[in-house]
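> Residue numbers (this note's numbering), protein chains in the order written: chain A, 1131 to 1245; chain B, 5 to 114.
Using N, Cα and C, we set each Cβ at its ideal position, and we do this for glycine too.
#1: Check whether the segment 14-21 of chain B and the segment 40-53 of chain B are in contact - that is, three or more C-beta pairs closer than 8 angstroms.
#2: Buried or exposed for residue 101 of chain B, going by 16 or more other Cβ atoms inside 10 Å?
#3: Can you tell me which of the three DSSP states residue 86 of chain B falls into?
#4: Would you list, in chain order, the members of the segment 1165-1178 of chain A that have their beta-carbon closer than 9 angstroms to a beta-carbon of chain B?
#5: Is any beta-carbon of chain A found at less than 8 angstroms from that of residue 102 of chain B?
#6: Sort A/1133, A/1145, A/1134 by Cα distance to residue 1210 of chain A and report the nearest one.
#7: Does the segment 1154-1170 of chain A touch the segment 1217-1227 of chain A, meaning 3 or more C-beta pairs lie closer than 8 angstroms?
#8: In chain A, which residues lie less than 8 angstroms from residue 46 of chain B when you measure between Cβ atoms?
#9: Name the chain A residues that come within less than 9 angstroms of residue 50 of chain B, Cβ to Cβ?
#10: Taking residue 89 of chain B and residue 109 of chain B to be in contact with their CB atoms under 8 angstroms, please state how far apart those CB atoms are, rounded to whole angstroms.
#11: If you drop the 5 nearest sequence neighbours on each side, which residues of the same chain put their C-beta closer than 6 angstroms to that of residue 1140 of chain A?
#12: Would you mind working out which of B/26, B/16, B/5, B/6 sits nearest residue 107 of chain B, comparing C-alpha positions?
#13: Under DSSP, the beta strand (DSSP E) around residue 1243 of chain A begins and ends at which residues?
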């Protein structure tokens, strides 16, 4: 089954404790992206990757890191989480970054709480 | 600044009562406009993509249209299972960035 898998689904942590949210897709997609969703602000893009070793900032990249060493994986790293990073996070992937095949498929989400 | 605005924020309909959701956008060179459906606690699910003014797409009770400044999602004779939040997103020419609107929360009562 074609899917985007995020882990963990729920995470409670404390300020300053480094964490990684994993994202994996099994569709051989070139493009992957991370979003956060907050009430009243909608979905905002954090980082995206057009292909392996190619990443770029979205609208809200501060406090986050990403890497794309393999085509299928795109982990989101919070080096020193803060309470304002409490949010619902989604990973997405698509065949390409632009054009008619840029249909982004989303994971089920990771709900993060930073105390 | 690239921007997407959806209206209304919330819409309550009776079953069978047709209506439309609006998505207006300002973007420097539209690459594509996307409609998604999001159920509570789940990730957005792709519905439609539109690329040029005048284009229309249909799926069951939903029909999406696109002009140079806005898109409409028409819902004909909705059913309670159509209740969800509908998200609109645009992709600008530069890079793969998607810009989402805040969504319209649709509730359809039997």
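So, from the data block:
#1: no
#2: buried
#3: helix
#4: 1165, 1167, 1170, 1171, 1172, 1173, 1174, 1175, 1178
#5: yes
#6: A/1145
#7: yes
#8: 1238, 1239
#9: 1233, 1234, 1235, 1236
#10: 5 angstroms
#11: 1241
#12: B/26
#13: 1240-1244
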